[in-house]
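The structure appears right after this line, and notes come after that.
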Amino acid sequence: SEGKAHIETMKRLYDELPSSITPFERLVCETELTSAEYYVTRKLSVGMDNSDLAKKLYKEYPEEVFAIMNEAWRLIYTPAIAGGSTKKALNLLDDLTTGYNELADIDRYSILCAYAIAYNARGDYKKANEYFEEAFKYFVAEADVVETYKSNLEKLSE
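The structure is reproduced here in structure tokens:
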């Protein structure tokens with residue numbers, strides 16, 4: 517499939533990363549690789565690896581926006597029994613609102629989507645919808661986000 521071919525390309529490029537990149541950059545690349553691989557394969561072991569990398573990234577680089585975002589997403593998508601918490605994720609996202617206007621559009625989009633999905637998971641469909649609509653002013657890019665948005669709209673109309 518195209519997804520698996522893309523993962524193989526990502527793995528090859530990861531293996532070819534120059535030695536001059538920083539440990540942070542290497543960990544970001546590894547985290548992105550496992551995230552993409554999980555998205556394509558849905559293998560639990562890959563998802564667990566990605567979760568561990570997100571935790572490590574946040575632990576080692578707690579001031580980096582990328583690390584904070586990855587930890588927030590991990591908390592949103594991880595079941596509570598395995599340490600997930602939408603409440604903790606929302607607190608992390610709140611921390612990112614300082615300096616929000618200086619962030620790239622893709623980062624603002626990601627933050628807004630994370631808020632929307634966290635509120636959706638908490639059953640606050642009205643607030644989730646507000647964040648979805650704000651996010652979609654930037655992009656309408658990810659299939660999972662659009663599906664959750666559609667589901668959220670259905671719940672709002674109930």
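To convert, count from 1 in the sequence shown and add 516; that's my numbering.
Where a beta carbon is used, it is the ideal one built from N, C-alpha and C, also for glycine.
Remember, predicted model here, so these are calculated numbers, not experimental data.
With fewer than 16 other CB atoms across the displayed protein chains lying within 10 angstroms of its CB, residue 598 is exposed.
In the three-state reduction of the DSSP assignment, residue 578 falls in the coil class, being assigned neither a helical nor a strand state. In the three-state DSSP reduction, residue 620 falls in the coil class, being neither helix nor strand. Across the set 620, 554 and 592, the C-alpha of 592 shows the shortest separation from the C-alpha of residue 607.
Non-local beta-carbon contacts of residue 530 in its own chain, meaning distances under 6 Å to residues more than five positions away in sequence, involve 545 and 549 in chain order. Between the alpha carbons of residue 551 and residue 661 lies a distance of about 15 Å. A Cβ-Cβ separation of about 4 Å places residue 651 in contact with residue 628 under the 8 Å criterion. When DSSP states are grouped into helix, strand and coil, residue 537 belongs to the coil group. Membership of residue 648 in the alpha helix (DSSP H) is indicated by the continuous run 641-651. Annotation: residue 567 to residue 590 spans about 6 Å, alpha carbon to alpha carbon. Taking 8 Å as the cut-off, the Cβ atoms of residue 580 and residue 540 count as close.
Pairing residue 519 with residue 556, the inter-Cα distance amounts to about 6 Å. Residue 655 is positioned such that its CB atom lies closer than 8 Å to that of residue 625.
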